[in-house]
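Note sheet for the following structure.
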Amino acid sequence: MTLVSKELTSERLRDLVQDAHLSFLIGAGASAPMFRLLGDVENMLTSLEAADVDEDARAFARASIYSGFFRSVVLKNQDLLARTGEAPHLLTRYESFLGTINRLLIERRSSILNKQVNIFTTNVDLAIEIAAETLQVHLNDGFAGRLQPSFSTSNFGSVVSRRSLQYDNLSEVPTFNLLKLHGSVGWSAEGQDENRPGISLDARLERVATAAEALDAVDTLLIDVGQGTTLQELLQGPVPLNSVDLLKPFLDAYRQLAIVNPTKTKFQQTVLNQNYYDLLRLFSNELEKENAVLFVVGFSCRDEHIRELMVRAARTNPTLQIVIFAYSPHSAAEIERAFEGYPITNSNILVVAPPDTPEGHEGLRFDLPTVVAEFFDKVAPNVSTPKQAVEIEVSVKEPLVATDD
177 MTLVSKELTS
187 ERLRDLVQDA
197 HLSFLIGAGA
207 SAPMFRLLGD
217 VENMLTSLEA
227 ADVDEDARAF
237 ARASIYSGFF
247 RSVVLKNQDL
257 LARTGEAPHL
267 LTRYESFLGT
277 INRLLIERRS
287 SILNKQVNIF
297 TTNVDLAIEI
307 AAETLQVHLN
317 DGFAGRLQPS
327 FSTSNFGSVV
337 SRRSLQYDNL
347 SEVPTFNLLK
357 LHGSVGWSAE
367 GQDENRPGIS
377 LDARLERVAT
387 AAEALDAVDT
397 LLIDVGQGTT
407 LQELLQGPVP
417 LNSVDLLKPF
427 LDAYRQLAIV
437 NPTKTKFQQT
447 VLNQNYYDLL
457 RLFSNELEKE
467 NAVLFVVGFS
477 CRDEHIRELM
487 VRAARTNPTL
497 QIVIFAYSPH
507 SAAEIERAFE
517 GYPITNSNIL
527 VVAPPDTPEG
537 HEGLRFDLPT
547 VVAEFFDKVA
557 PNVSTPKQAV
567 EIEVSVKEPL
577 VATDD
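Here my numbering runs 176 ahead of the position in the sequence shown, where the first position is 1.
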C-alpha cells in the first residue's frame with residue numbers, strides 16, 4: 177500500500193488540528209544538525225552484545241561507541257543551557273514551533289476538546305524545555321514539586337485553568353505535555369528499586385559533568401566513531417590492556433544517565449525500564465483515543481517499538497490519523513519501506529514528502545522550521561489581530577445637578 181503523498185491541504189490540516197486529540201512525535205532529525213543522528217550506532221551496540229569477544233575488547237568497543245554518542249548528543253546540552261555554539265539557532269526553531277502550536281491551542285473552536293497537545297519525543301536533549309521556558313508557555317514534563325521535583329506519569333493529563341482577578345472569568349491555559357520516551361539528560365535515577373527507581377530533576381546536568389570528567393581521563397585511548405566506523409574495526413583495536421578496569425569509571429558514570437541506550441533491546445537494559453514502558457503505554461493510549469491525530473517530524477520510523485505501536489493503533493482505531501513529514505523524497509521511500517509487511521487496513525497513515533527535484537539540485541526539505549512554515553503557520557491564527565472591531569461612541573452630557581464650579 178502506498179503511503180506517500182505530496183500534498184496535505186490547509187483545509188484538511190485545519191480540521192485535524194481543530195477537531196482531534198492532538199499529538200506530535202519529534203525525532204532526532206528535528207534537532208539536527210546540532211545533535212548528530214544515530215546512524216548505525218544501534219546496530220553496532222546490538223551486535224556487540226552478541227559478539228564472541230573477550231571482555232577487554234567488549235568494554236573498549238562499548239566505551240568508544242558511548243563516547244561518540246556522549247560527545248555528539250549528551251554533552252552538547254551544556255551549550256543549550258549556556259546558549260552558545262549552535263544552541264541559539266536550534267532554540268529559535270523550537271520556539272517557533274511551540275509558539276505556532278500555542279496559537280492553535282488558544283483559538284481551538286471545539287468546546288469539547290481541551291487545549292492540550294502531547295509532544296512525544298525520542299530525543300534526550302533539553303531544547304523543548306528551554307524553548308518553552310523562554311516563551312513562558314505552560315509545559316508539563318511530568319515533574320511535580322518545588323525543592324526536589326520528582327517525575328511520575330500520573331502527573332500527565334492535568335487541566336490547568338486561570339481565573340481572572342478582576343472579572344472572575346475561568347479560562348483553560350494551553351498546555352504542552354512533554355513525554356520523553358527515551359529519557360532525558362536532565363533526569364537522574366534515585367532510589368533502590370532497579371526496575372522502577374524514582375526520577376529526580378538534574379537541571380544543572382551534574383551527572384553529565386561527572387561522566388564528561390571520567391571520559392576526559394580515557395578519551396585518548398578510544399577510537400573516534402564516525403559514520404563509516406564498523407564494529408569490526410573497533411574490535412580489532414588496538415585494545416588497551418585491562419580495558420575493563422581502565423574504562424570502568426566512564427562506563428559506570430555513563431550508565432547513571434537516565435537515558436535509553438540505542439540498542440535493539442534498549443528497554444531491557446535500562447535501569448528505568450518500567451518508567452519507560454509506562455511512557456510507551458501513554459503513547460499507545462493517546463493513539464487509541466477517538467479522533468486522535470499524530471504528527472511526526474524528524475523521525476525515521478526505524479525504531480521498531482514505536483513503529484509497531486503506531487501500526488497497531490492505526491489498525492484498531494480507524495478514527496486515528498497519523499501524518500508523517502518526511503525530510504526528503506528519499507526519506508519518504510525509506511519510511512514506506514519501514515512499514516512494508518504491516519497490515520494498514522484503514523489507510524490512516526500518511527507520509528507527506530516534499531516534491532522531487534532534478535538531479536543535482538537542492539530541493540525543498542521538510543525539517544522542523546519548514547514544516548512549521550509550510551503547514552502549521554498557514555492554519556494558525558494571528559492572535560495579535562482582533563477578530564472584530566467594536567466602535568464605541570462616547571458623549572458627555574451636562575450634569576443633572578448644578579455644581580459650584
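All C-beta atoms in this analysis are idealised placements derived from N, C-alpha and C, irrespective of residue type, glycine included.
Keep in mind it's a predicted model, so treat the numbers as computed, not measured.
N-terminal and C-terminal residue of the alpha helix (DSSP H) that residue 337 is part of
Segment 337-339 is the beta strand (DSSP E) holding residue 337; no alpha helix (DSSP H) there.
If you follow the beta strand (DSSP E) that residue 197 is part of, which residue opens it and which one closes it?
From DSSP, the beta strand (DSSP E) with residue 197 extends over 197-202.
For residue 433: DSSP bridge partner residues:
Answer by DSSP bridge pairing, in chain order: 364.
Considering Cα atoms alone, identify which of 249, 411 and 394 is closest to residue 226.
Checked all of 249, 411 and 394; the closest Cα to residue 226 is 411.
Note down, in chain order, each residue of its chain lying with its Cβ closer than 7 Å to the Cβ of residue 281, except the 5 sequence neighbours on either side.
Counting only residues of its own chain and dropping the five nearest sequence neighbours on each side, residue 281 has a CB closer than 7 Å to the CB of 291, 293 and 350.
Take the Cβ of residue 186 as the centre, count every other Cβ of all protein chains shown within 10 Å, and call the residue buried at 16 or more, exposed below.
The residue is exposed, with fewer than 16 neighbouring Cβ atoms inside 10 Å.
My parser needs the beta strand (DSSP E) runs of 3 or more residues fully inside the region 468-514; what are they?
Segments of the beta strand (DSSP E) lying fully in the region 468-514: 468-473 and 497-501.
Pick out whichever of 302, 286 and 287 has its Cα sitting closest to the Cα of residue 271.
The candidate whose alpha carbon is nearest that of residue 271 is 302.
Just the C-alpha distance for residue 306 and residue 288, rounded to the nearest angstrom, thanks.
Residue 306 and residue 288 have their C-alpha atoms spaced approximately 31 Å apart.
Quick check on the DSSP output: the beta strand (DSSP E) that includes residue 376 runs from which residue to which?
Per DSSP, residue 376 belongs to the beta strand (DSSP E) from 374-377.
Looking at residue 241: is its Cβ nearer than 9 Å to the Cβ of residue 221?
Against a cut-off of 9 Å, the Cβ pair of residue 221 and residue 241 comes out as a contact.
At the level of alpha carbons, what is the spacing between residue 338 and residue 347?
Rounded to the nearest angstrom, the two C-alpha atoms are 5 Å apart.
Exposed or buried, which one is residue 438 when buried takes at least 16 other CB atoms within 10 Å?
With 16 or more other Cβ atoms within 10 Å, it is buried.
Have a look at residue 229 and residue 395 and give me their C-alpha separation to the nearest angstrom.
Those two C-alpha atoms are separated by around 22 Å.
Reducing DSSP to helix, strand and coil, say where residue 520 ends up.
Three-state result, residue 520: coil.
In whole angstroms, what is the alpha-carbon distance linking residue 263 and residue 352?
Going by C-alpha positions, residue 263 is about 22 Å away from residue 352.
Residue 520 to residue 489 span [Cα, whole Å]
Each residue's Cα considered, the two are about 10 Å apart.
Rounded straight-line distance, which links the Cα of residue 407 to that of residue 232:
Going by the C-alpha atoms only, they are around 14 Å apart.
Quick check on this structure: which residue in 245, 198 and 237 has the alpha carbon closest to the alpha carbon of residue 211?
Minimum Cα distance to residue 211 is reached at 245.
Spatial neighbours of residue 398 in its chain, beta-carbon cut-off 7 Å, leaving aside the 5 residues before and after:
Around residue 398: 239, 240 and 243.
For residue 588, count the other beta carbons within 10 Å of its own beta carbon; 16 or more makes it buried, fewer makes it exposed. Which is it?
Absent from the structure is residue 588, since the part of the chain shown begins at 177 and ends at 581.
Touching by the beta-carbon criterion (3+ pairs, under 8 Å), the region 465-480 and the region 197-210:
The region 465-480 is in contact with the region 197-210.
Residue 329: which of 531, 514 and 451 sits nearest, CA to CA?
Ranked by Cα distance from residue 329, the first of 531, 514 and 451 is 451.
Name the DSSP beta bridge partners of residue 359, please?
Answer by DSSP bridge pairing, in chain order: 435.
Is it a yes or a no for the region 507-526 touching the region 543-550, going by three-plus beta-carbon pairs under 8 Å?
With the cut-off at 8 Å, the region 507-526 and the region 543-550 do not touch.
Give the secondary structure of residue 227 by DSSP, where H, G and I count as helix, E and B as strand, and everything else as coil.
Of the three classes helix, strand and coil, the one that applies to residue 227 here is coil, per DSSP.
Pick from 247, 188 and 208 that is closest to residue 402, judged by C-alpha positions
Distances from the CA of residue 402 to each of 247, 188 and 208 were compared; the closest alpha carbon is that of 247.
So, with DSSP's three-state summary, where would you put residue 181?
Assignment of residue 181 by DSSP, reduced to helix, strand and coil, places it in the strand class.
Is the CB-CB distance between residue 416 and residue 393 below 9 Å?
It is not a contact, given that the beta carbons lie outside the stated cut-off.
Comparing C-alpha positions only, which one of 532, 509, 514 and 420 sits nearest to residue 487?
Answer by Cα proximity: 514.
Residue range of the unbroken alpha helix (DSSP H) whose run includes residue 310:
Residues 303-311.
First through last residue of the alpha helix (DSSP H) which encompasses residue 282:
Element bounds for residue 282: 263-282.
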